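Asks: Sharing a structure, written as C-alpha cells. Questions coming.
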Amino acid sequence: MIKKWWHDKVAYQIYPKSFYDSNGDGIGDIPGIISKLNYLQDLGVDIVWLSPCYQSPLADQGYDISDYYNIDPRFGTMEDMERLIAEAKKRNMYILMDLVVNHCSDEHEWFRKACENPDGKYGNFFYLRDKKDGELPTNWRSYFGGPVWEDLPGTDKQYLHVFHKKQPDLNWENPELREEVYKNINWWLDKGLGGFRIDAIINIKKALPFRNYAPDRDDGLCSIHAMLQEAKGIGEFLGEMRDRTFKKYDAFAVGEVFNEKPEEIPDFIGDDGYFSSMFDFNETIFGKSGKGWYDARPVTPDDYKKCCFESQAKVGEFGFLSNIIENHDEPRGVSHYIPEGDCCEESKKMLAALNFMLRGLPFIYQGQELGMENVPFTSIEEVDDISSHDEYKVALEAGLSPEEALKAVSKFSRDNARTPMQWSDEANAGFTTGTPWLKVNPNYTSINAAEQMKNPESVWNFYKKLIALRKDPAYKETIVYGALEPVWEERHNLMAYYRKGEKTLLVVGNYQRETQEIVLPGGHRKVLLNNYGDVAEDNGKIRLYGYQVLIFEM
Ligand code: GLC
Ligand code: CA
C-alpha cells in the first residue's frame with residue numbers, strides 16, 4: 214500500500230452555521246472558525262472539513278449551492294476563506310471543503326438559464342422531462358419526501374431532484390457539466406485547499422432510461438435506492454473526476470458513499486481508488502427502516518460491535534475507512550450508541566476510544582469532543598431541518614400521535630447535531646452575543662469547552678489523549694497501519710480488538726453498566742489509556758468497571 218500524507222492525520226468536521234459567530238448575527242461564520250483554530254490545534258486536529266459555506270439560499274443549510282465560486286455573505290467573504298486556508302497552513306492544518314455536485318440550487322444561474330431555454334445548453338445540465346397530465350415521469354420518492362419531479366418554472370417540462378425541490382440534480386451524463394465541475398474543483402485546489410468531502414456522490418449515476426419501480430409505501434412511490442441499485446458505471450465518472458482533479462494535486466478526497474458492493478471497495482479506496490477514503494456508515498444505517506425514522510430500532514452494544522468489525526473485515530488493509538460516531542446528518546453518537554439511561558462521562562469516553570482506535574481515519578464532529586448530547590425538543594416548531602419535518606409527517610401518517618411522532622423524530626433529527634457548539638456556560642453557550650439561529654441545548658451549563666479544558670478528567674481531555682496516542686512516535690505505526698483483529702467476539706457487551714503492527718495493542722471496552730471479567734493471555738506491558746483511575750487486576754484477571762475502556766500495550 215502506498216503511504217499518503219493523510220493516513221496518520223486526525224480530522225474534524227465543522228458545521229459553520231453552528232460553530233462560532235464572530236459578529237453577533239446568530240450565525241456561525243468563517244472569521245469565527247479562524248478564531249478557533251488554536252482550539253483545534255490544541256486538541257491535535259490536522260484536517261478540518263467545513264460543511265458548505267458557498268453562496269446558497271440555505272434551503273438545505275448550504276447543500277444547495279447557487280454559486281460555486283463564492284462564499285455566502287452570512288459566512289463571510291472570499292478573503293476570509295483565503296485567510297482561513299493560510300492560517301490553517303501556518304499551523305500545519307489542512308482545510309477541506311464540501312463538494313456538493315450531485316445537485317445545485319434552483320437559484321443557480323445554470324438552472325435559471327435552463328428555465329429560460331430548456332432546449333438550450335443549460336437544459337442539458339439537468340434531467341428534464343416533458344410534463345404529462347396526471348402522470349409523473351417516474352414514481353421515485355425524494356430523500357426528503359414526495360415525488361422527485363417538480364415543474365420547471367415557465368415551461369412545459371419537469372425536472373428531477375432526488376433531494377429537496379430546491380436541489381435540482383445535475384446531469385453527469387453531459388460532458389459539458391462534468392467539465393464545469395472539474396474546473397471548479399481545480400479552482401479551489403489552486404487556492405491551497407487540502408481536498409474535499411464529497412457529498413451524496415452515489416446519486417450522480419442514474420439508471421437510464423428512467424422507469425418506475427415497485428412502490429414501497431402507501432404513497433405509491435419507491436425509494437431512490439431501487440433506481441440506484443440498477444445504475445451501473447459510476448466508476449467512469451469517479452475515475453475521470455479523480456484523474457482530472459484530486460490526483461494532480463495529491464489532494465485528500467473522502468466520499469459519502471452508502472451502497473457500495475464489497476467487491477467494489479478497492480475501486481473506491483484502494484491504491485489509486487476514486488477517493489482517498491470513504492465514511493463507514495455501517496453503524497449509522499443499522500436499525501433504520503424503509504418505513505421511516507419512527508420505525509427504526511435501537512443499536513445495542515453487540516450490534517455496534519458487529520457493525521464495526523464487519524466494516525473492518527470488508528476493508529482489511531488495502532484502504533482506509535473514515536470512522537465517525539456522528540456527523541451533521543445524524544443524532545449525537547453518545548445519545549445513539551449508548552444504551553438509554555447510561556450516557557455518562559465513562560461511557561462517552563469508552564465509545565470514543567472504541568471508535569478512535571479502529572483502523573482508519575478518525576473524524577470528530579464538532580462538540581463530539583465534549584460529549585455533546587441530543588436535544589430535548591419540546592415541539593416540532595423548534596426543529597429547523599427539512600428532513601425532520603418530513604419524517605414527522607410520515608410518522609403521523611403511520612398513525613402515531615403527535616407526541617409519539619415528536620419523540621421518534623427527536624431521536625434522529627439532524628438538528629441534534631446542528632445546535633450551536635457549546636463553548637462556555639455564558640449566555641447562548643458562548644456561541645453568539647446575538648440570538649442563535651437554532652436553539653442551544655440547555656445542558657450547555659454543564660457540558661462546555663471552557664469547563665472541560667480546565668478539567669483533566671473531562672471527555673475533552675480524553676479525546677486529546679486519544680489523539681496524542683495516535684501521534685506518539687512509539688505507537689503511530691501500529692495505530693495507523695496495524696491490522697485489526699477482533700477478540701472475544703462472542704462475548705456479550707464486550708468489544709475488544711488487537712491492533713497489530715510494530716507493536717501489539719489491545720483495546721477493550723466493557724459496554725455495560727455491570728462489571729465483567731477478562732483474562733489477558735500472557736499479561737500486558739503497559740496501560741496506555743484508561744477512563745478510570747485504576748485497573749482492578751488480580752493475578753492476570755481484570756475486573757472491568759462499568760463502561761471501562763482500556764488500551765494495553767501487550
Ligand atoms: C448529504 C449531506 C446532507 C444533505 C444531502 C444533500 O447527505 O450530508 O446534509 O442534505 O447530502 O446534499
Ligand atoms: Ca455571524
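Numbering (our numbering), first residue to last: 214 to 767. Note that CB positions come from ideal geometry on N, CA and C, so glycine has one too. Remember, predicted model here, so these are calculated numbers, not experimental data.
CA-CA distance, Phe357 and Gln268?
Replies: In the sequence shown, counting from the first residue as 1, residue 357 sits at position 144. In the sequence shown, counting from the first residue as 1, residue 268 sits at position 55. Distance between the alpha carbons of Phe357 and Gln268: 22 Å.
Asks: Taking only the alpha-carbon atoms, compute the straight-line gap between Pro388 and Glu449 and give it to the nearest angstrom.
Replies: Taking the first residue of the sequence shown as 1, we reach residue 388 at position 175. Taking the first residue of the sequence shown as 1, we reach residue 449 at position 236. So the alpha carbons of these two residues sit roughly 12 Å apart.
Asks: Does the beta carbon of Asp242 fall short of 7 Å from some heavy atom of ligand 2?
Replies: By 1-based counting over the sequence shown, the position of residue 242 is 29. Yes - ligand 2 has a heavy atom lying nearer than 7 Å to the Cβ of Asp242.
Asks: Would you mind reading off the limits of the beta strand (DSSP E) that contains Phe465?
Replies: What you label residue 465 is simply residue 252 of the sequence shown in a count that begins at 1. Phe465 to Gly468 is the span of the beta strand (DSSP E), which, as asked, contains Phe465.
Asks: Using 10 angstroms around the beta-carbon of Met214, count the other beta-carbons present and answer buried if the total reaches 16, otherwise exposed.
Replies: On the sequence shown, residue 214 is found 1 positions in, with the first residue counted as 1. By the neighbour-count rule (16 or more Cβ atoms within 10 Å), Met214 is not buried but exposed.
Asks: Going by beta carbon distance, what residues of the same chain come within less than 6 Å of Pro514, once the five residues before and after it are set aside?
Replies: On the sequence shown, position 301 is the one that residue 514 refers to. Hits under 6 Å: Asn706 and Tyr724.
Asks: Please classify Leu458: is it buried, with 16 or more other beta-carbons within 10 angstroms of its beta-carbon, or exposed?
Replies: Position 245 of the sequence shown, counted from the first residue, corresponds to residue 458. Looking at the sequence itself, residue 458 is Thr, so the reference to Leu does not match. Per the 10 Å Cβ criterion, buried.
Asks: Checking the sheet assignment: what are the DSSP bridge partners for Leu373?
Replies: The residue given as residue 373 occupies position 160 in the sequence shown. According to DSSP, which records beta bridges pairwise, Leu373 is partnered with Trp362.
Asks: Give me the residue from Asn629, Ala630, Arg631 and Thr646 with the minimum Cα distance to Ser637.
Replies: Stepping through the sequence shown from its first residue, residue 637 is reached at position 424. Among Asn629, Ala630, Arg631 and Thr646, the Cα nearest to that of Ser637 is on Thr646.
Asks: Taking 7 Å as the cut-off, is the C-beta of Ser235 nearer than that to any heavy atom in ligand 2?
Replies: Position 22 of the sequence shown, counted from the first residue, corresponds to residue 235. Result yes, Cβ under 7 Å from ligand 2.
Asks: Within the structure, which residues are defined as neighbours of ligand 1 by a Cβ-heavy atom distance below 5 Å, reported in chain order?
Replies: This criterion selects Asp273, Tyr276, Phe376, Asp412, Ala413 and Asp542.
Asks: Nearest by alpha-carbon distance to Thr368: which of Asn330, Gly275, Asp403 and Ala640 is it?
Replies: Taking the first residue of the sequence shown as position 1, residue 368 is located at position 155. The shortest Cα separation from Thr368 among Asn330, Gly275, Asp403 and Ala640 belongs to Asn330.
Asks: Could you work out which residue in Gln254, Gln525, Asp484 and Tyr281 is closest to Val394 when comparing CA atoms only?
Replies: By 1-based counting over the sequence shown, the position of residue 394 is 181. Selected option, being the one with the closest Cα: Tyr281.
Asks: Report the option in Asp332, Phe339 and Lys606 whose CA atom is closest to the CA atom of Asn315.
Replies: Counted from its first residue, the sequence shown places residue 315 at position 102. Of the candidates Asp332, Phe339 and Lys606, the one whose C-alpha sits nearest the C-alpha of Asn315 is Phe339.
Asks: For ligand 2, is there a heavy atom less than 7 Å away from the beta-carbon of Asp238?
Replies: Residue 238 sits at position 25 when you count from the first residue of the sequence shown. Yes - ligand 2 has a heavy atom lying nearer than 7 Å to the Cβ of Asp238.
Asks: Given 8 Å as the limit, is there contact between the region 648–657 and the region 618–633, that is, 3 or more CB pairs closer than that?
Replies: The answer is yes - the region 618–633 touches the region 648–657, with three or more Cβ pairs under 8 Å.
Asks: What are the complete beta strand (DSSP E) segments, minimum 3 residues, inside the region 259–334?
Replies: Within the region 259–334, the complete beta strand (DSSP E) runs of at least 3 residues are 260–263, 280–284 and 307–312.
Asks: Would you call the region 562–576 and the region 684–699 touching, i.e. three or more CB-CB distances under 8 Å?
Replies: Output reads yes: the region 684–699 touches the region 562–576.
Asks: What's the gap between the Cα of Lys460 and the Cα of Asn399?
Replies: As a first step, residue 460 is located in the sequence shown; it is residue number 247 there, counting from the start. As a first step, residue 399 is located in the sequence shown; it is residue number 186 there, counting from the start. Each residue's Cα considered, the two are about 11 Å apart.
Asks: So who's on the other strand from Met491, going by DSSP bridges?
Replies: The residue given as residue 491 occupies position 278 in the sequence shown. Met491 is bridged to Gly468 and Leu534.
Asks: So what's Phe773 in DSSP terms, helix, strand or just coil?
Replies: In the structure as shown, the chain starts at 214 and stops at 767, and residue 773 therefore has no counterpart that could be examined.
Asks: Counting along the chain, where does the beta strand (DSSP E) carrying Gln729 start and finish?
Replies: Taking the first residue of the sequence shown as position 1, residue 729 is located at position 516. Gln729 -> beta strand (DSSP E) spans Gln729 to Val732.
Asks: In three-state terms, what does DSSP make of Thr497?
Replies: On the sequence shown, position 284 is the one that residue 497 refers to. Of the three classes helix, strand and coil, the one that applies to Thr497 here is helix, per DSSP.
Asks: Secondary structure at Met585, three-state DSSP: helix, strand or coil?
Replies: Start at 1 with the first residue of the sequence shown, and residue 585 comes out as number 372. It is coil, neither helix nor strand.
Asks: Excluding the five sequence neighbours on either side, which residues of its own chain have a C-beta within less than 7 Å of the C-beta of Gly546, listed in chain order?
Replies: Within the sequence shown, residue 546 is the residue found at index 333, counting from 1. Ile538, Glu539, Leu564 and Gln581.
Asks: Return the CA-CA distance between Arg627 and Met585, expressed in angstroms with no decimal places.
Replies: Counting from 1 along the sequence shown, the entry for residue 627 is found at position 414. Counting from 1 along the sequence shown, the entry for residue 585 is found at position 372. Using only the alpha carbons, I get a separation of about 14 Å.
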